[in-house]
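Chains as they are written, first to last, in UniProt numbering: chain A, 1 to 420; chain B, 1 to 293; chain C, 1 to 371; chain D, 1 to 236.
Here's what the structure looks like:
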């Protein structure tokens with residue numbers, strides 16, 4: 001049991017490092033978050049500012065959508081800040097301080113980020129993307145009574161029982177809502193239809209299918225083939241080959257990875273299988289999915305839509321889109337270099353946040369949650385006409401309706417659907 | 001029957017993707033004796049150069065050539081500026097240095113092009129043809145033909161040229177190679193350059209299918225490593241055959257073994273690789289070497 | 001014409017370790033201990049979470065260091081054991097097992113799995129072995145999704161447990177910190193004694209040269225199986241700690257990327273070094289946090305650059321920093337230090353903190369050739 | 001006319017000096033031995049000549065100062081170092097090892113002739129010409145190392161502990177071949193050898209090193225005549 005000088009120095013190093021960690025923290029138990037601030041207000045809010053935070057994947061495989069959940073929100077917030085700030089229900093106008101962190105889709109990192117943000121004194125945690133990451137954060141948000149709201153995940157967990165989880169709300173339609181919309185469209189056709197399903201092997205794919213099955217139960221719609229995939233698969237050729245053997249009328253492709261979805265579209269037609277296609281809202285962007293995938297070859301391509309595509313010529317004259325593009329160029333493009341629909345979703349989410357602020361009568365988290373849960377029939381920017389935000393239901397996300405649209409290869413945009 | 005053949009054909013076209021990177025791994029292993037995690041990062045960086053050029057209107061073939069040149073220079077510079085520092089030290093440190101390069105290159109690619117996958121134009125027509133009820137894409141055929149050419153080229157390089165012999169000697173024992181007047185540092189630079197240039201070819205071949213993104217090859221690298229190691233690490237032919245085996249085994253298992261299913265089909269080639277390695281540690285095509293004291 | 005020359009000078013000597021350095025060691029150790037005991041009492045829940053996370057990954061790295069640093073076998077599968085340990089613990093908690101049982105099984109089951117894999121694979125060397133370990137997380141992720149009755153599937157499992165006993169007056173984060181700190185302390189002490197003993201010597205011999213090990217009566221196969229089993233057990237144990245700290249587990253816990261990051265952190269801390277392992281964990285947890293402070297949308301760029309920079313300056317890991325500084329100082333003073341202090345860092349990874357035993361020279365080179 | 005001349009050569013690893021002012025002269029076609037105990041600096045002297053350690057002092061080869069040149073440069077000038085531990089390239093075949101030895105040569109026909117000469121010199125290697133070097137026995141590897149060095153057509157060969165770990169009869173065969181090389185190919189030799197009997201079968205004179213310094217120098221006959229040397233190195 002001898003120690004060499006190296007051990008001594010290394011030991012001293014550890015000691016120094018540990019002390020440094022303590023000093024960096026610089027705060028004592030007294031300052032910890034959770035409770036009320038000095039004057040009855042919650043942490044993270046003063047008379048002229050409020051701070052919110054988000055943790056999303058900003059590097060790694062899910063960083064494309066992850067960056068967009070931050071960039072769109074940043075664009076809305078910073079544009080509004082520059083425009084004077086946010087009006088609050090208590091009569092004050094506040095600037096929003098926006099902090100974002102990278103969690104690489106790692107739950108442990110997300111928990112660490114959430115704790116860091118609350119430690120820095122954020123008022124609310126808004127818009128984070130990712131099912132496992134948000135699932136890990138949820139119990140802590142509840143325990144600390146920090147709002148974890150308007151999450152960019154369609155998993156039901158975050159929306160289906162808001163009495164049990166009073167501090168958590170989802171923003172985008174649940175995956176089940178989207179699946180249900182497809183099912184309803186097919187049932188309405190009132191004839192025998194065969195369906196092949198391809199779903200991601202996780203809650204995204206599963207709840208998509210669940211929604212679809214709920215809507216089609218007992219109808220003439222029959223699922224004749226189904227396959228799953230892992231997000232890490234390099235191609236889905238074999239799954240498509242398997243499904244093509246069924247020669248079903250419809251392919252429900254609940255695939256959330258851009259290149260894989262394109263691969264599905266190209267592979268099916270290359271096998272001479274031309275079903276009608278149902279695509280989820282997050283992988284149906286014309287420019288990056290439908291055109292590269294040769295979607296015009298199929299009799300019809302349907303997708304649930306609730307937001308405007310800022311790159312579509314159809315919306316070039318739209319005021320919302322012009323405001324979005326200006327704000328995004330200025331404040332969002334540094335964060336997300338490439339477009340996914342999550343960019344517009346999180347931009348709309350900024351407007352919902354503003355609406356909640358406007359209804360907030362006291363500078364407290366409780367008041368914020370009450371205001372946030374009382375928004376109905378709100379037309380947020382970048383949402384399609386007729387798609388409104390309704391947060392009053394305690395088992396649905398803030399956006400609970402979707403409109404099915406049909407790809408129009410001629411214009412490169414979407415057209416309304418009048419039946420299957 | 002045609003379904004079975006179709007599944008095999010699909011497997012082969014997957015295998016071609018793994019093989020493209022596996023060949024680059026074999027090359028760098030033969031040239032430097034290292035397993036290089038940065039391989040994928042260098043390939044992606046070079047492919048992004050081709051991507052930027054095609055977006056500016058340059059034809060794909062020309063963009064590919066530019067990417068190969070860029071890859072070669074990048075690889076040689078990284079060897080000269082970074083890896084040389086670690087070549088004489090602990091091999092674990094050198095491997096972690098390649099991990100650092102991978103992270104850095106991924107971050108740099110993302111800095112310029114973002115993380116979201118983007119479409120990449122194909123060298124080959126985006127069509128399929130039908131033979132006896134089986135559909136084959138020109139892209140797969142083209143990819144496989146290029147890979148076979150690369151494989152033969154590598155085999156010739158290593159077996160029949162002085163440069164190849166010298167590169168193998170340096171990978172085996174740099175210090176001793178220097179004693180035979182081999183210009184060790186230049187050969188290592190050339191080895192890294194060639195591996196990164198080949199990575200550019202691999203990247204341009206697979207990008208139309210996988211879409212270009214900074215992480216495009218992260219998971220392919222895992223398959224490619226499996227293929228390279230199963231093939232014996234030193235054998236280009238072995239790497240290609242092993243990659244084809246992995247692609248086909250995975251697809252057949254997914255299609256025919258219900259217990260396995262689509263979710264666990266990835267386990268089949270990896271379990272097979274484990275079993276094969278336990279039985280035959282030198283890999284399918286590796287030469288058996290009995291080391292004596 | 002034969003010429004006699006001057007007699008040889010005295011050989012260079014190693015400076016004797018003074019009482020002062022021993023005292024310094026004791027002081028440093030005491031300081032660390034005090035900081036680690038007092039810190040959670042005055043720190044925010046966030047800091048305590050970070051400190052506890054460091055403990056978690058320190059134990060995972062400790063396992064990795066046993067197999068990789070001390071025994072020289074590349075393992076790319078440590079995250080699989082971490083995940084398995086976390087899942088077993090979660091299952092235990094959700095089924096009301098006694099915590100001691102969860103703790104035990106979280107180490108024993110991964111150890112058994114690790115041993116089975118090693119029994120099949122330990123005859124392999126180098127990359128073939130790396131390949132097999134790499135397959136573990138690759139296969140583990142879909143397996144975890146498949147058996148959702150046990151694992152909670154892709155949604156993962158929220159497990160709220162280890163609440164502080166009210167009698168102690170501690171907050172949950174403090175209590176959890178102390179629990180994992182005690183486990184980490186015990187694990188570190190056990191491994192420290194292990195690597196300094198007979199088994200540690202056999203690890204080092206196998207790392208140095210398997211053929212020589214055989215000639216000295218050490219079975220490389222059995223040694224590697226043992227090292228791998230210990231590494232897996234520690235991986236599983238860190239899974240228990242992970243669940244204690246994060247209170248959640250999902251297939252993301254065992255992804256391959258975590259294994260790669262652990263390997264990087266191990267080398268960054270210091271291969272075959274106990275102190276280095278702790279420093280590696282510090283690096284593993286803190287660098288992403290620091291990268292986030294700089295710019296959250298450039299984390300890959302930043303952490304890659306930091307990793308490379310550290311490797312450049314300290315190829316033998318953070319643990320070699322004091323030695324480096326000492327050498328700088330002595331070089332500036334123009335004095336020569338003892339040879340053992342100046343051996344190339346990168347070339348002597350087994351002697352980073354003096355705890356690795358010396359490897360006897362191969363038998364063949366000491367054979368007396370005199371007729 | 002001297003082929004190789006060391007003048008006050010010192011060498012160090014990091015901060016540790018292991019050679020202190022070693023000097024000797026090797027004439028054209030000469031053969032000299034370096035003797036001494038373990039750690040006396042014999043191997044380091046060879047490494048200093050071929051440029052594998054940091055060196056001060058002066059090393060002149062064929063009239064040219066080569067101090068500080070790296071191993072690939074000294075090798076290109078005609079110094080062939082057969083290192084301790086043989087340094088064969090395990091993953092390459094016997095023939096490939098020989099071709100690596102001839103890397104700098106352009107005379108392809110003569111290379112083929114020389115490969116054949118090596119295989120005559122070491123008939124064991126001819127049988128294993130296609131096998132990986134790692135699969136050879138220790139003796140065969142040593143033969144291959146010597147043959148590979150010869151393939152470079154060197155002016156001088158630095159031979160480091162060629163008998164290490166070999167059975168006496170195998171060591172004898174290696175040294176017989178070395179003697180033949182010296183005679184038939186006019187290769188000068190610097191021989192480091194623990195076994196002085198073997199060394200003196202090749203060398204004309206020798207230098208005895210002690211802790212990095214020259215302790216004795218003299219012709220083989222002189223040294224063999226000294227009791228101290230015989231006791232220390234010849235077991236008598």
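From the three backbone atoms N, C-alpha and C, an ideal C-beta is built for every residue, glycine too.
Residue 145(C) reaches chain A at 201 and 202, counting residues in chain order whose Cβ is nearer than 7 Å. Distance from the CA of residue 161(C) to the CA of residue 141(A), rounded to the nearest whole angstrom, comes to 16 Å. By the neighbour-count criterion, in which 16 or more other beta carbons inside 10 Å mark a residue as buried, residue 21(B) falls on the buried side. For residue 37(B), none of the residues of chain A pass the 8 Å Cβ criterion, the least Cβ distance being about 15 Å.
For residue 57(D), the uninterrupted beta strand (DSSP E) segment begins and ends at 54–61. Taking 7 Å as the Cβ-Cβ cut-off, the segment 219–251 of chain A approaches chain B at 227, 228, 229, 230, 232, 234, 235, 237, 238, 239, 241, 242 and 245, given in chain order.
Taken in chain order, the complete alpha helix (DSSP H) segments of 4 residues or longer contained in the segment 91–127 of chain D are 94–101, 108–121 and 123–127. Listed along the chain, the chain A residues whose CB falls inside 7 Å of the CB of residue 219(B) are 232 and 234.
Contact check for residue 56(C) against residue 242(C) passes: the beta carbons are separated by less than 8 Å. Residue 82(C) sits close to residue 238(C), with the two beta carbons spaced by under 8 Å.
Residue 30(B) counts as buried, since no fewer than 16 other beta carbons sit within 10 angstroms of its beta carbon.
Between residue 247(B) and residue 36(B) the beta-carbon gap is near 22 Å, outside 8 Å, which marks them as no contact. Sequence-distant partners of residue 101(D) (beyond 5 residues in either direction) whose C-beta falls short of 6 Å from its own C-beta, in its chain, are 148, 151 and 152. Sorting 384(A), 211(A), 408(A) and 351(A) by C-alpha distance to the C-alpha of residue 75(A) places 351(A) at the top. Listed along chain C, no residue sits closer than 9 Å to residue 166(B) by beta-carbon distance, the nearest being about 23 Å off.
Each residue's CA atom was taken as its position, placing residue 133(D) and residue 119(D) some 14 Å apart. Per the Cβ contact rule, the segment 123–139 of chain B is not in contact with the segment 147–156 of chain B (fewer than 3 Cβ pairs under 8 Å). Under the 8 Å criterion on CB atoms, residue 262(A) is classed as interfacial with respect to chain B.
Comparing alpha-carbon positions, the option among 212(D), 167(D) and 195(D) lying closest to residue 229(D) turns out to be 195(D). Going by beta carbons, residue 55(A) and residue 98(A) fall outside the 8 Å limit.
Per DSSP, reduced to three states, the secondary structure at residue 383(A) is strand.
Residues of the same chain with a CB within less than 6 Å of the CB of residue 79(C), apart from the 5 flanking positions on each side, are 137, 254, 258 and 259 in chain order. For residue 214(B), the secondary structure class from DSSP, reduced to helix, strand or coil, is coil.
For residue 54(A), the secondary structure class from DSSP, reduced to helix, strand or coil, is strand. Excluding residues up to 5 positions away in sequence, 166, 169 and 170 lie with their Cβ nearer than 8 Å to the Cβ of residue 182(B) in the same chain. Annotated three-state conformation of residue 269(A) is helix, per DSSP. Using a C-beta cut-off of 8 Å, the segment 236–243 of chain B makes contact with the segment 269–286 of chain B, since at least three inter-stretch Cβ pairs fall below that distance. Rounded to the nearest whole angstrom, the CA to CA distance from residue 59(D) to residue 16(D) is 20 Å.
Of the candidates 218(C), 76(C) and 50(C), the residue whose Cα lies closest to the Cα of residue 173(C) is 50(C). For the 8 Å CB-CB criterion, residue 169(A) and residue 401(A) do not form a contact.
Judged by DSSP in its simplified three-state form, residue 133(B) adopts coil rather than helix or strand.
Within the same chain, 220 come within 6 Å of residue 210(C) by CB-CB distance, once the 5 residues on both sides are set aside. Taking 9 Å as the Cβ-Cβ cut-off, the segment 150–171 of chain A approaches chain C at 155 and 157, given in chain order. Between the alpha carbons of residue 78(B) and residue 192(B) lies a distance of about 8 Å. With a threshold of 8 Å between beta carbons, residue 169(B) makes contact with chain D. Close CB contacts of residue 11(B) within its chain, under the 6 Å cut and outside five residues either way in sequence, are with 247, 248 and 251 (chain order).
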